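For reference, the structure discussed in these notes is given below.
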Amino acid sequence: TRVESDEEAIEYVGAYCQLYREDALYLERTAPWIDRVGLSFVTEQLVDDEANRKALHARFLVSQLKTQNDPWKERAEGAQNHQFEVITQ
133 TRVESDEEAI EYVGAYCQLY REDALYLERT APWIDRVGLS FVTEQLVDDE
183 ANRKALHARF LVSQLKTQND PWKERAEGAQ NHQFEVITQ
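Quick look at the structure:
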């Protein structure tokens, strides 16, 4: 499937991650998960069902609200000012 925009690509990736989070077994890697459920299952959930893809992506975004940090933003705001100290003799 080809996507039309960066936003659509991000939606597919987020939906894929959420589908994996909801369906995979504990500690099951993505490749064994796809082997177990079949690529057709993933295609049906993400490509063939737009409403489901959007719902999965929305749930993924909610799940990431408290966990996504922007390390460059944190550094710019001074979060790592203590990382280096000036050494004087």
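Using the working numbering, you'd call the opening residue of the sequence shown number 133 and step up by one each time. Glycine residues also receive a C-beta, built at the ideal position from the N, C-alpha and C atoms. Treat the numbers as computed from the prediction; the structure is a model and nothing was measured.
Inside the segment 146-209 only - alpha helix (DSSP H) runs reaching at least 4 residues: 162-169, 171-178, 182-195, 203-208
Below 8 Å on the Cβ atoms is my guess for F192 versus A147; work out the distance and round it to an integer in Å. Looking up residue 192 in the sequence shown gives position 60. Looking up residue 147 in the sequence shown gives position 15. Right, the Cβ-Cβ distance comes to about 7 Å (below 8 Å), so this counts as a contact.
Tell me which residues share the same chain as I219 and place their Cβ nearer than 6 Å to its Cβ, disregarding the 5 neighbours each side in the sequence. Taking the first residue of the sequence shown as position 1, residue 219 is located at position 87. Taken in chain order, the list of residues that qualify is empty.
Own chain residues within Cβ distance below 8 Å of V179, not counting five before or after: As a first step, residue 179 must be located in the sequence shown, where it is residue number 47. Cβ neighbours of V179 beyond the five flanking positions: T133, R185.
For E139, the three-state DSSP class (helix, strand or coil): Taking the sequence shown and counting its residues from 1, the one referred to as residue 139 is at position 7. Correct three-state label for E139: helix.
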